[in-house]
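*Asks:* One structure, as structure tokens, below. Some questions next.
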Amino acid sequence: MTKLKIALQKSGRLSDKSIELIRECGIGLTNGSRKLLSRSSNFPLEVMYLRDDDIPRYVADGVADIGIVGENVVAEEQAGVDTREELGFARCRLSLAVPKSTPYKTPADLQGKKIATSYPTILKNFFEQQGIEADIHEISGSVEIAPGIGLSDGIFDIVSTGSTLISNGLREVETVMDSQAVLIAQPGLGKEQEELLSRLLFRIRAVKKARNNKYILLNAPNDRLEEITSLIPGMKSPTVMPLADPGWSSVHSVLNENDFWDVIDGLKDKGAQGILVVPIEKMIV
Ligand code: PRT
Ligand code: ZN
């Protein structure tokens, strides 16, 4: 039987969330202990665990059909894979940073400077676009210490909270790209693999939607029902049921996480009571 082969990071910032996503898609994995390979008993999926930097190449070469990796690695490796879905986790950015005391106004201030990075391809493209000639010094880890030990004038690295930069006396001066985990696929997958991938993507989208939405239940005075239901239109329209107490109704709907607190404030202002908000496990629209 045809299997879809997916490459996941063996251990690191992407691994737990990647495995969790697969599990939330209802795909059980045997030996989740991250051996080299694991299989699913209830979906034709085979997982191979790799270093994240190797994932785009393995997918491009067809050793794996699909993979989960950061956009930063996809851009750096230039392996020729298709990005099929943004997954919304492992968000970070790739930025230029210089020592706090170094004056900086525009990228042109980096002309002729030495920049340490683990992402030479992305940085080279950025400098080319900006018409800047700088000396890119590739190092594989602890990039943030390079200026302090006199190895470079600045760095180009992943930033998330920014605390690593601050504790190394560096200042973020330019964001070159934003990144998050993405699902990549080999271009020109076979028909059967493509069918399996669309089943998987259907589930991933249901999980993503559910994560972004909450189920809301509340009691509303009937004379303000219209105002209240207009705030929570839901997937089609809210469910409204009479309560035993005449003059009151129970309203059920779905609420997007982004507008969550604003809507709750509005509902309270309009007299809603007993508001309950519960997580949704899957959302098929
Ligand atoms: O062993 P393997 O090669 O598989 O893993 P790795 O060590 O190369 O990568 P890993 O596990 O550290 O990161 C995997 C992916 O997570 C990256 O390619 C990014 O897409 C994403 N990601 C998200 C991050 C961060 N956030 C992050 N903060 N990757 C690294 N960092 C580092 C950053 O370099 C900085 O030095 O964390 C440090 C702390 O960041 P601040 O700004 O929060 O202090
Ligand atoms: Zn890596």
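Going by the working numbering, the letters in the sequence shown line up with residues 128 to 412, in that order. Glycine included, C-beta positions come from ideal geometry on N, C-alpha and C.
Would you report the Cα separation of Asp192 and Pro348, rounded to the nearest angstrom?
*Replies:* 55 Å
*Asks:* Using the DSSP secondary-structure output, state which residues sit across from Asn383 in a beta bridge.
*Replies:* Asn340
*Asks:* Quick one: grab the DSSP three-state call for Arg349.
*Replies:* Per the sequence presented here, residue 349 reads as Asn, with Arg not at that position. DSSP places Asn349 in the helix class (H, G or I) of the three-state scheme.
*Asks:* With the cut-off set at 8 Å, would you say Leu223 and Val303 are in Cβ contact?
*Replies:* yes
*Asks:* Compute the distance between the beta-carbons of Glu382 and Ile359, then report whether it is under 8 Å.
*Replies:* Inspection of the sequence shows that residue 382 is occupied by Leu rather than by Glu. Yes, the pair counts as a contact, with Cβ atoms nearer than the cut-off.
*Asks:* Quick one: does the C-beta of Asn340 sit closer than 7 Å to a heavy atom of the ligand PRT?
*Replies:* no
*Asks:* Which runs of the alpha helix (DSSP H) at least 4 residues long sit entirely within the stretch 160-232? Give them in chain order.
*Replies:* 182-187, 198-204
*Asks:* Where does Val412 sit, in a helix, a strand or coil, going by DSSP?
*Replies:* coil
*Asks:* Does the distance from the CB of Ala187 to the CB of Val208 come in under 8 Å?
*Replies:* Judged by their CB atoms, Ala187 and Val208 are nearer to each other than the 8 Å cut-off.
*Asks:* If you draw a straight line from the C-alpha of Asp262 to the C-alpha of Glu204, how long is it?
*Replies:* 20 Å
*Asks:* Please classify Ser245 as buried or exposed, where buried requires at least 16 neighbouring CB atoms within 10 angstroms.
*Replies:* buried
*Asks:* Quick one: what's got a C-beta closer than 7 Å to Lys336's C-beta in the same chain, skipping five residues either side?
*Replies:* Closer than 7 Å at Cβ, skipping near neighbours: Met410, Val412.
*Asks:* Based on the DSSP secondary-structure assignment, which residues constitute the bridge partners of Pro406?
*Replies:* DSSP, once it has assigned bridges, lists Lys341 as partnering Pro406.
*Asks:* Can you tell me which of Gly139, Cys152, Lys137, Ser145 puts its alpha carbon nearest to the alpha carbon of Ser325?
*Replies:* Cys152
*Asks:* In the DSSP output, what is Lys241 paired with across the bridge?
*Replies:* Asp262
*Asks:* Does Asp280 come out as helix, strand or coil in the three-state DSSP assignment?
*Replies:* coil
*Asks:* Where does Ser325 fall in DSSP's three states?
*Replies:* helix
*Asks:* Which residue comes first and which comes last in the beta strand (DSSP E) that contains Thr288?
*Replies:* No beta strand (DSSP E) holds Thr288; DSSP gives it neither H nor E.
*Asks:* Taking 5 Å as the limit, tell me which residues put their C-beta closer than that to any heavy atom of the ligand ZN, in chain order.
*Replies:* Asp179, Asp180
*Asks:* With C-beta atoms as the reference, is Leu379 less than 8 Å away from Pro365?
*Replies:* Sequence inspection shows His at residue 379; the Leu mentioned does not correspond to that position. It is a contact, given that the beta carbons lie within the stated cut-off.
*Asks:* Does the beta-carbon of Ala217, which I'm using as the reference point, lie nearer than 7 Å to any heavy atom of the ligand PRT?
*Replies:* yes
*Asks:* Using 8 Å as the Cβ pair cut-off and three pairs as the minimum, do the stretch 254-269 and the stretch 232-246 touch?
*Replies:* yes
*Asks:* Excluding the 5 residues flanking Gly139 on each side, which residues of the same chain have their C-beta closer than 7 Å to its C-beta?
*Replies:* Asp179
*Asks:* Could you check the C-alpha separation between Ser269 and Ile285 for me, to the nearest Å?
*Replies:* 11 Å
*Asks:* Could you tell me if the beta carbon of Thr288 falls within a distance shorter than 7 Å of some heavy atom in the ligand PRT?
*Replies:* Flag set: Cβ of Thr288 near the ligand PRT.
*Asks:* Less than 7 Å separating the Cβ of Glu265 from some heavy atom of the ligand PRT?
*Replies:* Glu265: no, Cβ never under 7 Å from the ligand PRT.
*Asks:* Please determine, among Ile331, Glu198, Ala312, Leu352, the residue with the shortest C-alpha to C-alpha distance to Leu131.
*Replies:* Ala312
*Asks:* When we look at the beta-carbon of Val404 and count the other beta-carbons within 10 Å, is it buried (16 or more) or exposed?
*Replies:* exposed
*Asks:* Out of Gly277, Asp236, Phe387, Arg351, point me to the one whose CA is closest to Lys397's CA.
*Replies:* Arg351
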